[in-house]
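Note that the sequence shown covers residues 33 to 428 in our numbering.
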Amino acid sequence: MRDDLNSYLMQNYRRQDFCPSRGKGCWLYDREKNKYLDGLSGIAVNTLGHSHKKLVKAISGQARNLIHVSNLYEIQSQEQLAKRLARLTGLDKAFFCNSGLEANEAALKIARKFGLEQGIKKPKIIVFENAFHGRSFATMSASSGKKNKSMFGDAISGFIRVPINDLKAIQSVEAKYSNIAAVMLEPIQGEGGINISKNIVLKQIRKLCTSNNWLLIFDEVQCGVGRTGKWFAFQKAGIKPDILTLAKGLGSGVPIGALLVKKPYAKILGPGDHGSTFGGNPLAMQAGLTTLEVIDEEKLLKNAKDRGEQILKSLRSELKGYPDILSVRGIGLMIGIEFKTDCSKISKLALENGLLINVTNSNVIRILPPLIITDKEVEMLISKLITSIKTFLKNE
Ligand SMILES: Cc1ncc(COP(=O)(O)O)c(C=O)c1O
């Protein structure tokens, strides 16, 4: 890997010494043709694995026909994908962009404007500890993590932070403030360490939002689009947010972001209030439509659920009795193993064993394989991972 002196790239990523040159299914290959099992999917992106035939055909066909036209013109595939997402989510209208932070930025703009339209002078948004919503100024301010924020000067104000699964904390905010416009949360926190919101708490938050006229925004950028074994994580709690943001897995590798909203709030952003040059381009729309089609055709929701249970069961039995491991948790193919202390070194050890995973929040191994992973591949994943964990624990 090139060091700073020999690279034209800015050094803003901590990269592993690995250069994949080809991918097929759940596997990546380097230039020496070594094979690696992808247990991370480009951080929850490659829903259909690598080089899925149907996706390749759809996007190459689209590229031959039309890649980009401006949002100044009608793009029929936007209507198709919006309709499909509306049917799946039970929400009504869509806005398309290119990434998770952009979808969240749009959600935050809607929340603030909604508050102002209610006559709230300085609308505030309730957010959560360990949340991650992106790296723009607004989404970074909505996210947890003091270190990143302070190095860029003043954050955007207007966020009130509470712990997850702590209804009392939200109730005390409710009692103290009269200028809340929205609550924004990840039903399962990804970057924060696979922290799962309890269904019962989500239901209570829904009730609080409805009774106070606060918008409920779910950021499903990482946990949405089938990863949990349901189309969307909110469906597990049997409630519906007012706004839902998606990205990562929706395009199976082609950049895309989406915001879905209930009809009454769709008019908050009118012509010229918000937009994106690339958002909703025909290539991305084709990737989104094909991803959803294949999830259906190949019954990937069921596979995510079954393979997820297989991973959890194996990990829990293999890792029982290790005092350094605090918890093995997850839903579907979004799984975390929490260590007592920093376990970042495990990603490198796993790579040496031909497995891609990562460590988030410094002490949680994160497993996010493609939704197409088979039971045999899960067995290989477990074997490689357990070997890496044991080596790590022996060397500590
Ligand atoms: C829950 C969540 N929201 C937002 C983002 C930001 O997405 P992007 O990197 O596409 O801007 C991420 C990225 O990890 C995420 O996990």
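Where is the CB? At the ideal position from N, CA and C, for every residue including glycine.
Original post:
Quick one: does the C-beta of residue 313 sit closer than 8 Å to a heavy atom of ligand 1?
Top reply: Counted from its first residue, the sequence shown places residue 313 at position 281. For ligand 1, not one heavy atom lies less than 8 Å from the Cβ of residue 313.
Subject >> Simplified DSSP state of residue 160, which is helix, strand or coil >> reply: Start at 1 with the first residue of the sequence shown, and residue 160 comes out as number 128. Strand at residue 160.
Subject >> Cβ-based burial, residue 51 [other Cβ within 10 Å; buried from 16] >> reply: Position 19 of the sequence shown, counting from 1, holds the residue named residue 51. Classification for residue 51: exposed.
**OP:** With a threshold of 16 other CB atoms inside 10 Å of the CB of residue 144, please say whether the residue is buried or exposed.
**Re:** By 1-based counting over the sequence shown, the position of residue 144 is 112. Flag for residue 144 reads buried.
**OP:** Have a look at residue 173 and residue 227 and give me their C-alpha separation to the nearest angstrom.
**Re:** By 1-based counting over the sequence shown, the position of residue 173 is 141. By 1-based counting over the sequence shown, the position of residue 227 is 195. Straight-line Cα distance between these residues: approximately 20 Å.
Original post:
In whole angstroms, what is the alpha-carbon distance linking residue 409 and residue 385?
Top reply: Sequence index remark: in the sequence shown, residue 409 carries index 377 (1-based). Sequence index remark: in the sequence shown, residue 385 carries index 353 (1-based). Answer to the nearest angstrom: the Cα atoms are 14 Å apart.
Subject >> beta strand (DSSP E) segment containing residue 314, residue limits >> reply: Here residue 314 refers to the residue found at position 282 of the sequence shown. Careful: residue 314 lies outside any beta strand (DSSP E), inside the alpha helix (DSSP H) at 314-329.
Original post:
Can you find at least 3 beta carbon pairs, one from the stretch 50-68 and one from the stretch 348-358, that sit closer than 8 Å?
Top reply: no
Original post:
For the stretch 270-279 against the stretch 118-132, are there 3 or more C-beta pairs whose distance is under 8 Å?
Top reply: yes
Subject >> Counted within 10 angstroms of its Cβ, other Cβ atoms place residue 88 as buried (16 or more) or exposed >> reply: Numbered from its first residue, the sequence shown carries residue 88 at position 56. Per the 10 Å Cβ criterion, exposed.
Subject >> Cβ pair residue 368, residue 414 closer than 9 Å >> reply: As a position in the sequence shown, residue 368 is number 336, starting the count at 1. As a position in the sequence shown, residue 414 is number 382, starting the count at 1. No, these two residues do not count as a Cβ contact at 9 Å.
Subject >> Rounded C-alpha distance that separates residue 322 from residue 93 >> reply: Walking along the sequence shown from the start, residue 322 turns up at place 290. Walking along the sequence shown from the start, residue 93 turns up at place 61. For residue 322 and residue 93, the distance between alpha carbons rounds to 12 Å.
Original post:
Secondary structure at residue 94, three-state DSSP: helix, strand or coil?
Top reply: Position 62 of the sequence shown holds residue 94. The answer is helix: DSSP assigns residue 94 an H, G or I state.
Original post:
Which one or two residues does DSSP pair with residue 390 in a beta bridge?
Top reply: The residue you call residue 390 lines up with position 358 of the sequence shown. Residue 390 is bridged to 398.
Original post:
Looking only at DSSP bridge pairs, what is residue 251 linked to?
Top reply: As a working note, residue 251 is residue 219 in the sequence shown. In the DSSP output, where bridge partners are listed per residue, residue 251 has 277.
Original post:
DSSP on residue 187, reduced to helix/strand/coil?
Top reply: To locate residue 187, count along the sequence shown from 1; it is residue 155. The answer is coil: DSSP assigns residue 187 none of H, G, I, E or B.
Subject >> residue 301 vs residue 142 beta-carbon contact at 9 Å >> reply: Stepping through the sequence shown from its first residue, residue 301 is reached at position 269. Stepping through the sequence shown from its first residue, residue 142 is reached at position 110. Their beta carbons are under 9 Å apart, which means residue 301 touches residue 142 by this criterion.
Original post:
What residues in its chain sit with their C-beta under 7 Å from that of residue 306, if we drop five residues either side in the sequence?
Top reply: For the purposes of this step, residue 306 is identified with residue 274 of the sequence shown, where counting begins at 1. Hits under 7 Å: 138 and 141.
Original post:
Quick one: is the Cβ of residue 75 within less than 8 Å of any heavy atom of ligand 1?
Top reply: Your numbering for residue 75 matches position 43 in the sequence shown. It does: the Cβ of residue 75 is within 8 Å (strictly closer) of some heavy atom of ligand 1.
Original post:
What separation, rounded to the nearest whole angstrom, lies between the Cα atoms of residue 153 and residue 246?
Top reply: Here residue 153 is taken as the residue at index 121 of the sequence shown, counted from 1. Here residue 246 is taken as the residue at index 214 of the sequence shown, counted from 1. Going by the C-alpha atoms only, they are around 15 Å apart.
Subject >> Extent of the continuous beta strand (DSSP E) to which residue 54 belongs >> reply: Taking the first residue of the sequence shown as position 1, residue 54 is located at position 22. Residue 54 -> beta strand (DSSP E) spans 52-56.
Subject >> Residue burial classification, residue 316 (beta-carbon count within 10 angstroms, cutoff 16) >> reply: Here residue 316 refers to the residue found at position 284 of the sequence shown. It counts as buried.
Original post:
Curious, which full-length alpha helix (DSSP H) runs of at least 4 residues does the stretch 112-164 contain?
Top reply: 132-149
Subject >> Secondary structure of residue 291, DSSP reduced to three states >> reply: Counting from one through the sequence shown, the residue named residue 291 turns up at place 259. Of the three classes helix, strand and coil, the one that applies to residue 291 here is strand, per DSSP.
Subject >> Local Cβ density within 10 Å of residue 63, reported as buried at 16 or more and exposed below that >> reply: Along the sequence shown, one-based indexing puts residue 63 at 31. It is exposed - the Cβ of residue 63 has fewer than 16 other Cβ atoms within 10 Å.
**OP:** Since I believe residue 401 is in contact with residue 365 (beta carbons under 8 Å), could you give me their beta-carbon distance rounded to a whole number of angstroms?
**Re:** Within the sequence shown, numbered from 1, the residue matching residue 365 stands at position 333. Within the sequence shown, numbered from 1, the residue matching residue 401 stands at position 369. So it is a contact: roughly 6 Å between Cβ atoms.
Original post:
Which residue or residues does DSSP assign as beta-bridge partners of residue 82?
Top reply: Stepping through the sequence shown from its first residue, residue 82 is reached at position 50. Residue 82 pairs with 57.
**OP:** Kindly indicate which residue of 157, 397 and 428 has the alpha-carbon position closest to the one of residue 370.
**Re:** Locating residue 370 in the sequence shown gives position 338, where the first residue counts as 1. Minimum Cα distance to residue 370 is reached at 397.
Original post:
Who does residue 370 pair with in a DSSP beta bridge?
Top reply: As a working note, residue 370 is residue 338 in the sequence shown. DSSP lists 359 and 396 as partners of residue 370.
Original post:
Using a threshold of 8 Å, is the CB atom of residue 253 nearer than that to any non-hydrogen atom of ligand 1?
Top reply: On the sequence shown, position 221 is the one that residue 253 refers to. It does: the Cβ of residue 253 is within 8 Å (strictly closer) of some heavy atom of ligand 1.
**OP:** Could you tell me the boundaries of the alpha helix (DSSP H) in which residue 269 lies?
**Re:** As a working note, residue 269 is residue 237 in the sequence shown. Neither: residue 269 is in no alpha helix (DSSP H) and is coded neither H nor E.
Original post:
From the DSSP output, which residues share a beta bridge with residue 69?
Top reply: Residue 69 sits at position 37 when you count from the first residue of the sequence shown. For residue 69, which the question treats as bridged, DSSP gives the partners 59 and 387.
Original post:
Does DSSP put residue 167 in a helix, in a strand, or in coil?
Top reply: On the sequence shown, position 135 is the one that residue 167 refers to. DSSP places residue 167 in coil when its eight states are reduced to three.
Original post:
Is the stretch 102-113 touching the stretch 242-262 in the sense that three or more CB pairs, one from each, lie closer than 8 Å?
Top reply: no
Original post:
What residue does the beta strand (DSSP E) around residue 217 start on, and which one ends it?
Top reply: By one-based count along the sequence shown, residue 217 stands at place 185. Counting along the chain, the beta strand (DSSP E) containing residue 217 begins and ends at 212-217.
Original post:
Are residue 192 and residue 212 close, meaning C-beta to C-beta below 9 Å?
Top reply: Your numbering for residue 192 matches position 160 in the sequence shown. Your numbering for residue 212 matches position 180 in the sequence shown. Yes, the pair counts as a contact, with Cβ atoms nearer than the cut-off.
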